[in-house]
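Chemist: Would you mind keeping the following structure in view while I ask a few things?
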Amino acid sequence: EAAKGNACYLIANLAEFNPQVSARICHIQDAVPALVEVVHSGTDFARSNASRALGNLVHGSTTLKKQVFGTEGAVRGLVRVAQDGKDKSRGNACMAIGNLCDEDDA
71 EAAKGNACYL IANLAEFNPQ VSARICHIQD AVPALVEVVH SGTDFARSNA SRALGNLVHG
131 STTLKKQVFG TEGAVRGLVR VAQDGKDKSR GNACMAIGNL CDEDDA
């Protein structure tokens, strides 16, 4: 489980403020569904980092937002983390939800 959390942490860092990397990550088969799975079933550390990764991936991209919205359970999982996670997890899930709802795309 620690490896999943660390992998999500790495993805979140790679995608932060880098739309080209975000697009490449999202084009990897099953990357977004794998992050959503961790949001649903990982440790709090992993759920926090998966939420952050999803939030960073969609930042500024309507196309990537549509991909995440189209992934079954993505929004439901983020809302659950925002409600039930520890403080850092809640903050990361709320950031991801905010980025999904942000209309100021590049």
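Each residue of the sequence shown is one higher than the last, beginning at 71 in the working numbering.
Here a beta-carbon is modelled for each residue, glycine too, at the ideal position from N, C-alpha and C.
Computed from a predicted structure; not experimentally measured.
Taking C-beta to C-beta, are Gly-112 and Cys-78 nearer than 9 angstroms?
Modeler: Yes.
Chemist: Which stretch, first to last residue, makes up the alpha helix (DSSP H) that contains Glu-107?
Modeler: Taken as a continuous stretch (DSSP letters only), the alpha helix (DSSP H) holding Glu-107 covers 101-111.
Chemist: Go ahead and label Ile-81 buried or exposed: buried means 16 or more other beta carbons lie within 10 angstroms of its beta carbon, across all protein chains shown.
Modeler: Ile-81 is buried by the Cβ-count criterion.
Chemist: Please name the residue, chosen from Leu-134, Asp-174, Arg-122 and Gly-75, that lies closest to Ile-98 on a Cα-to-Cα basis.
Modeler: Minimum Cα distance to Ile-98 is reached at Leu-134.
Chemist: Asn-119 and Gly-75: beta carbons closer than 9 angstroms?
Modeler: Yes. Within cutoff.
Chemist: Between the beta-carbon of Asn-126 and the beta-carbon of Ala-85, is there less than 9 angstroms?
Modeler: In this structure, Ala-85 lies closer than 9 angstroms to Asn-126 by Cβ.
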